[in-house]
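Each position in the sequence shown, counted from 1, maps to that position plus 6 in the working numbering.
Quick reminder that beta carbons are idealized off the backbone N, C-alpha and C, glycines included.
Nothing here was measured: the structure is a model prediction, and the numbers come from that model.
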Amino acid sequence: MYWKSFSRAEINQKVEEALNKNASYAKGEVMGTPATYLDEDEFYPDASFLKDAPFLRTLIANPNHIGCHTLSKESSPIFKGTQAIERELIQICSEEIFKSPKNGIDGYVATGGTEANIEAMWIYRNYYKKEYGAKNNQIGVVYSEDTHYSIPKGGDLLGLKSIILPVDQDDRSININCLEENIAKAKKEGVKYFIVILNVSTTMFGSVDEIEPVVEVFDRDETVFKLHLDAAFGGFIYPFTNPNSVHNFNNPRVSSISIDAHKMLQTPYGTGIFLIRKGYMHYVTNDQAQYVPGLDYTLCGSRSGANAIVIWMLLMNYGSEGWTKKMQDIIERTDYVCKRLDEMGVKYFRNPHINIVTIKANSIPNGIAKKYELVADTYEHMPSWWKIVVMDHVKYDLLKRFLDELEGELAAK
7 MYWKSFSRAE INQKVEEALN KNASYAKGEV MGTPATYLDE DEFYPDASFL
57 KDAPFLRTLI ANPNHIGCHT LSKESSPIFK GTQAIERELI QICSEEIFKS
107 PKNGIDGYVA TGGTEANIEA MWIYRNYYKK EYGAKNNQIG VVYSEDTHYS
157 IPKGGDLLGL KSIILPVDQD DRSININCLE ENIAKAKKEG VKYFIVILNV
207 STTMFGSVDE IEPVVEVFDR DETVFKLHLD AAFGGFIYPF TNPNSVHNFN
257 NPRVSSISID AHKMLQTPYG TGIFLIRKGY MHYVTNDQAQ YVPGLDYTLC
307 GSRSGANAIV IWMLLMNYGS EGWTKKMQDI IERTDYVCKR LDEMGVKYFR
357 NPHINIVTIK ANSIPNGIAK KYELVADTYE HMPSWWKIVV MDHVKYDLLK
407 RFLDELEGEL AAK
């Protein structure tokens, strides 16, 4: 894994060159598109600080990145400059971070992990319908009980059966015996084709689902399945903190991956990424979008090119080595939390490569959990768990205050 870091001046210049390659609403002869720059009465295109703010300049220029620009270069020539940066971004994420073969991946900047997950499910549903003649009730979506709610949401929207797997309450691993039983039961009910969702950090626990034990169940009797990895949280940390990860495109079983930049990468909300092996995007071609050069394959349709620019900027600012160092520093702070909790005898779950620590509710007073804005596993019932996420703003001094207070409360019992 390697990509070089750019100076702020280099990033600024590259974005300016891209914007200059786009058609200009202000200076060009663009009359057919139902869009323009941001309102000049509210957003000031001539503000002096914009010369050093490439993301804000792009936001004001308002390029539309509708479509999937890795498929071909037939995308709208009006925004060809910034769309080229999005292609470069997809290449970095797929080839450098997730170890795909060169030019082997399609993808786009989505609104977030929810959209990217549903995009994957939509593609595989249509794939099964076109290639196997499957009906909706013959397709099942397999995922663990710890999986993000976007998956059952997608199943509901797409009319697909959910097959939910229990996990071990100590190590959060998928119960393989239950997987075997659930797949056998689903087959008896007429399900023949499966969309398998595995997690690269669950939202609540930071747990990472093992791939091999799951795919072995499907391989045993040659059951047809496609595997999607939900790396919405883990995508910008796990590959950098676990060099031995098999949760990537170097693993031939993995067909697609979703990532959120607006979590670990600290970009604005609405910046997710969808990656999928070549040869699948056409299953969701929207032939009705004839007025879109290159057609559209995405769930969201029109989307801001500024979102692609800001993700690219963050990655270029750090480079692969700088980002790895930042993620390792966060893991060290998370290790500190776990060391202190171990000394107190507090029960928790944590994957060693992820910055989430989830504490048993009976090990922490509710008052402390609420004071430090820990997140519960449920707000509808009595919580069983409270989680800490060691994000960039969660420094040692804050962690120490929390841990000292927790230690004092536990000692006073």
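- By the CB criterion at 8 Å, THR364 and PHE242 fall outside the cutoff.
- The three-state secondary structure of LEU65, taken from DSSP, is helix.
- Spatial neighbours of ARG283 in its own chain (CB-CB distance under 8 Å, excluding positions within 5 residues in sequence) are listed in chain order as SER106, GLY110, ILE111, ASP112, PHE255, SER261, SER262.
- Rounded to the nearest angstrom, the gap between the Cα atoms of THR273 and GLY240 is 15 Å.
- Annotated three-state conformation of SER308 is coil, per DSSP.
- Secondary-structure assignment with DSSP links HIS234 through a beta bridge to ILE203, SER262.
- Burial of ASP302 is indicated by the presence of at least 16 other C-beta atoms within 10 angstroms of its C-beta.
- Runs of the beta strand (DSSP E) spanning 3 or more residues and lying entirely within the segment 167-230 occur at 167-171, 199-205, in chain order.
- Residue pairing by DSSP places VAL363 opposite ILE394 in a beta bridge.
- C-alpha of SER54 to C-alpha of ARG63: approximately 11 Å in a straight line.
- Annotated three-state conformation of ARG283 is strand, per DSSP.
- Across the structure, ILE336 and HIS154 are spaced so that their CA atoms are roughly 23 Å apart.
- When DSSP states are grouped into helix, strand and coil, ILE72 belongs to the coil group.
- Its chain contains THR273, THR277, ILE317 as the residues whose beta carbon lies nearer than 6 Å to that of ALA267, once the 5 sequence neighbours on both sides are disregarded; these appear in chain order.
- For ASP58, the secondary structure class from DSSP, reduced to helix, strand or coil, is helix.
- Excluding the 5 residues flanking it on each side, TRP329 has same chain C-beta neighbours closer than 8 Å at PHE242, PHE246, LEU321, in chain order.
- Of all C-beta pairs linking the segment 16-26 to the segment 83-102, three or more are shorter than 8 Å, placing the two stretches in contact.
- Taking the Cβ atoms as the reference, ALA192 lies roughly 5 Å from GLY146, within the contact range of under 8 Å.
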